[in-house]
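Residue numbers (mature numbering (1 follows the signal peptide of the UniProt record, and there is no 0)): -17 to -1, 1 to 135. Report on one structure; see the data block that follows.
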Amino acid sequence: MKICSLILILFVMRSLAVNIHETPPFDTCDFDLIDDTLTEYYSPMTSDFLSEECLRYWKNPYLRGLYKKEAQAFRAFTLAIQTYEAKKSGKKVCENNEYALNLIERQKFYNQVDFSLCYMKTDQVSFLNCLIEKRTALTKIINKAISQPLSN
């Protein structure tokens, strides 16, 4: 009987520990693709395509702007990493519809910026601001590497 009680206590304690450190689920919304006027070239969809949660954020001008800023930071990162990987491979970006993905180099960059801190945030605004900050820092690191001579 004692072992069953001990196991039950351990199970409850573990469950409590996991729940204490859980963060709220954060939504990602590609607001850079949304334009209700359909006049922006890179924004081919209207807000009708958004999930219910993203639509709620879309209706809040502050959050909409923050999501767009995060999307711009992601786009800048994507351009930087693609440019770096193309340079490292000796090819142009997406030459012959091929992508010069280099996961080892990516991991070296990611190790320099700790994104896990963002996922410990407790609200959407802090989470997005953290992503913007970390992605901007990562983009600067990559752009600096692009400007350096290649090393094997």
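The beta-carbon is built from N, C-alpha and C at its ideal position, and this holds for glycine as well.
First and last residue of the uninterrupted alpha helix (DSSP H) at residue i
i, result
"Gln95", "No alpha helix (DSSP H) holds Gln95; DSSP gives it neither H nor E."
"Cys113", "Gln107 to Ser130"
Sheet register partners of residue i (DSSP bridge)
i, result
"Val17", "Correcting the residue identity first, residue 17 is Ile in this sequence and not Val. Answer is Met28."
Closest Cα partner of residue i within the set the options
i, options, result
"Pro132", "Lys70, Ser109, Lys91 and Tyr82", "Lys70"
"Ala83", "Ile64, Cys12 and Asp15", "Ile64"
"Phe60", "Pro44, Leu33, Lys42 and Arg89", "Arg89"
"Leu49", "Lys127, Asn112 and Ser130", "Asn112"
"Leu121", "Gly73, Lys51, Thr11 and Ala56", "Ala56"
"Arg39", "Cys12, Lys74 and Lys104", "Cys12"
"Leu86", "Tyr67, Thr20, Lys52 and Thr119", "Tyr67"
"Lys123", "Tyr102, Val96 and Trp41", "Val96"
"Leu33", "Cys77, Leu16 and Tyr45", "Leu16"
"Thr119", "Ser72, Arg58, Lys74 and Met103", "Arg58"
Can you check the stretch 27 to 72 for any alpha helix (DSSP H) of at least 4 residues that lies completely inside it and give the ranges in chain order? 35 to 41 and 44 to 72
For the structure I just gave you, are there three or more beta carbon pairs, one from the stretch 85 to 103 and one from the stretch 122 to 131, closer than 8 Å? yes
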